[in-house]
Amino acid sequence: MIQKGDIVVTEHARKKMTSEGISHEQIREALQRGSKFQQTDGLLCTYRFFSVAYKKIGEKYIIKTVFLNR
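The numbers in this note's numbering rise by one with no breaks, and the one at position 5 of the sequence shown is 263.
Set out below in structure tokens:
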């Protein structure tokens with residue numbers, strides 16, 4: 259189970275979370291339940307109405323950006 263402390267949100271991702279209305283809890287849920295796709299530099303997780311681009315380093319999830327699926 260992913261804990262809140264396991265997620266590190268970059269400044270860019272934090273701004274996108276605010277502008278898109280995506281919460282920290284929604285990101286955690288997406289990482290646990292969403293569909294994951296390998297990307298050039300990390301992973302893309304799609305869940306419900308949004309996606310999360312991230313990189314996993316050890317036990318930490320580095321959130322690079324979030325966006326709505328339109």
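All C-beta atoms in this analysis are idealised placements derived from N, C-alpha and C, irrespective of residue type, glycine included.
Values in this document were obtained by computation on a predicted structure and should not be read as measured data.
Opening and closing residue of the alpha helix (DSSP H) in which residue i lies
i: ILE285; result: 282-291
i: MET275; result: 269-278
DSSP beta-bridge partners of residue i
i: THR304; result: SER293, SER309
i: LYS318; result: ILE315
Exposure label - residue i; buried when at least 16 CB within 10 Å
i: MET275; result: buried
i: VAL267; result: buried
i: ILE315; result: exposed
i: SER309; result: buried
Please determine if the stretch 294-301 and the stretch 270-286 are in contact, where contact requires at least 3 C-beta pairs separated by less than 8 Å. Inter-segment contact for the stretch 294-301 and the stretch 270-286 is absent: fewer than three beta-carbon pairs are separated by less than 8 Å.
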